[in-house]
Amino acid sequence: MVQTFQESLMAAGAGISLVDLVVAASNISQDPPIGFALVRPPGHHAVPKGPMGFCVFGNVAIAARYVQRVHGLKRVFIIDFDVHHGNGTNDAFYDDPDIFFLSTHQVSHNLMLLKNCISPLF
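Residue 1 is where the sequence shown starts when you use this note's numbering, and the numbers rise one by one after that.
1) Could you name the residues of the same chain whose beta carbon sits closer than 6 Å to that of ILE118, not counting the 5 residues immediately before and after it, in chain order?
2) Along the chain, where does the beta strand (DSSP E) containing LEU123 start, and where does it finish?
3) Taking buried to mean at least 16 other C-beta atoms within 10 Å of its own C-beta, is THR104 buried or exposed?
4) With a 10 Å radius around its C-beta and 16 neighbouring C-beta atoms as the bar for buried, classify PHE101 as buried or exposed.
5) Between which two residues does the alpha helix (DSSP H) holding ASP91 run?
6) For SER8, which residues from the same chain have a beta carbon less than 7 Å from its beta carbon, with the 5 sequence-adjacent residues on both sides left out?
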């Protein structure tokens with residue numbers, strides 16, 4: 001458990017470090033910088049009240065709020081692509097108009113349920 005907690009702290013810290021690097025690069029270049037952090041544990045299932053679904057901290061949620069509070073950015077766009085919905089990140093910002101959360105995830109294990117939605121594929 002101690003190792004999981006320490007690794008979770010590093011994962012959350014990686015998001016914060018990435019934010020700092022992207023903001024610093026944007027102050028140097030006119031081209032909008034892009035950052036990508038591939039971290040484990042992922043974090044997108046951790047809800048504001050605590051861990052969930054193998055996620056201890058909401059890494060992206062922490063980084064998003066950090067960039068607002070520390071660097072003064074008003075609006076943040078989060079793209080979550082995973083087979084599962086990023087429910088924790090969604091819950092964290094559900095009522096926040098300044099953070100847009102887009103989750104791409106699997107709808108159903110049973111493709112027959114989708115037959116009427118995407119009939120040209122069947």
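For every residue, glycine included, the Cβ atom is placed at its ideal position computed from N, Cα and C.
Taking the definition as stated:
1) Numbered from its first residue, the sequence shown carries residue 118 at position 118. Since pLDDT at ILE118 reaches only 47, below the 50 mark, its modelled position is unreliable, and no value is offered.
2) Because residue 123 is not part of the residues shown, which for the chain are 1 to 122, the question remains open.
3) On the sequence shown, position 104 is the one that residue 104 refers to. Exposed, because fewer than 16 other Cβ atoms sit within 10 Å of the Cβ of THR104.
4) The residue given as residue 101 occupies position 101 in the sequence shown. Buried: at least 16 other Cβ atoms inside 10 Å.
5) Residue numbering aside, residue 91 sits at position 91 when the sequence shown is read from its first letter. Run containing ASP91: 87-93, per the alpha helix (DSSP H) assignment.
6) Taking the sequence shown and counting its residues from 1, one reaches residue 8 at position 8. Excluding sequence neighbours, SER8 sits near PRO41, VAL56, PHE57.
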